[in-house]
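Chemist: All the letters of the sequence shown, read from the start, carry residue numbers 8 to 154 under the numbering used here.
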Amino acid sequence: MGNRVRVLPGSRGKRFVTYFAGVVLLALCAFYVMIGGYAKAAPITAGPIVDAAIDAFAFNPQVITVTAGTMVRWTNNQSGIQHTSSSDVTDTLSTNYWNSPFLSTGQSFTRTFTTAGVYAYHCNVHFGMHGTVVVLSSVYLPMILQG
Ligand SMILES: [Cu+2]
């Protein structure tokens, strides 16, 4: 393109071409970010699964961040030791309450987090085991991606 359209430096023509190219580039970027943002956000509300491991008397990752609608699946990978995933909220009537059964080696427990918030939890067997699920509202994701 640069070889065919020869315009003197600083001429109105070149400035216009530069300006026009800039506008088109900006528009394309905005469009790409918009489409990309929504395309990435859409499947998250459809309920993906995010894995959290239990091993060596710890939740891994200890802080897991997901978007609303995500199902978190804890799997006990520790040989010969039972664990639970149990909310720090003890009120069984609370929507923030959960309590897995004792998970033997290889067993999993899943819970879907539909509401944004910070959910602390622990293992009912081992007092030192703590974890946190951070749930971000999926509504904000496209905004974050668009900057
Ligand atoms: Cu445990």
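Every residue gets a Cβ at the ideal spot worked out from N, C-alpha and C, and that includes glycine. Please read these numbers as outputs of a predicted model, since none were measured by experiment.
Count the C-beta pairs between the stretch 86-99 and the stretch 68-75 that are closer than 8 Å, then say yes if the count reaches three, no if not.
Modeler: Judged by Cβ distances under 8 Å, the stretch 86-99 makes no contact with the stretch 68-75, as fewer than three pairs qualify.
Chemist: Over the uninterrupted beta strand (DSSP E) stretch that includes asparagine 106, give me the two end residues.
Modeler: Translated into positions along the sequence shown, residue 106 becomes position 99. Premise fails: asparagine 106 is in no beta strand (DSSP E) and is neither H nor E.
Chemist: Indicate the three-state DSSP secondary structure (helix, strand or coil) for serine 145 in the structure shown.
Modeler: For the purposes of this step, residue 145 is identified with residue 138 of the sequence shown, where counting begins at 1. Note: serine 145 maps to helix in three-state DSSP.
Chemist: Whole angstroms is fine: what's the gap from valine 141's alpha carbon to valine 70's?
Modeler: Counted from its first residue, the sequence shown places residue 141 at position 134. Counted from its first residue, the sequence shown places residue 70 at position 63. Cα to Cα, the separation comes out at about 7 Å.
Chemist: State buried or exposed for serine 92, treating a residue as buried only when at least 16 other CB atoms are found within 10 Å of its CB.
Modeler: Within the sequence shown, residue 92 is the residue found at index 85, counting from 1. Per the 10 Å Cβ criterion, buried.
Chemist: Taking the beta strand (DSSP E) that asparagine 67 falls in, what are its first and last residues?
Modeler: Along the sequence shown, read from residue 1 onward, the residue named residue 67 stands at position 60. First-last of the beta strand (DSSP E) with asparagine 67: 65-67.
Chemist: Taking its Cβ as the centre, do 16 or more other Cβ atoms sit within 10 Å of phenylalanine 109, making it buried, or is it exposed?
Modeler: Here residue 109 refers to the residue found at position 102 of the sequence shown. By the neighbour-count rule (16 or more Cβ atoms within 10 Å), phenylalanine 109 is not buried but exposed.
Chemist: Using the three-state DSSP reduction, which class does leucine 110 fall into: helix, strand or coil?
Modeler: In the sequence shown, the residue the question calls residue 110 occupies position 103. Correct three-state label for leucine 110: strand.
Chemist: May I have all residues whose beta carbon comes closer than 5 Å to any heavy atom of ligand 1, sorted in chain order?
Modeler: Those residues, listed in chain order, are His90, Cys130, Val132, His133 and Met136.
Chemist: With a cut-off of 8 Å on the beta carbons, I'd call serine 115 and glutamine 89 a contact; round off their distance for me.
Modeler: One-based indexing of the sequence shown puts residue 115 at position 108. One-based indexing of the sequence shown puts residue 89 at position 82. Rounded, the Cβ-Cβ distance is 13 Å, inconsistent with contact.
Chemist: Quick check: threonine 139 and alanine 123, are their CB atoms within less than 8 Å of each other?
Modeler: As a working note, residue 139 is residue 132 in the sequence shown. As a working note, residue 123 is residue 116 in the sequence shown. The answer is no: Cβ separation not under 8 Å.
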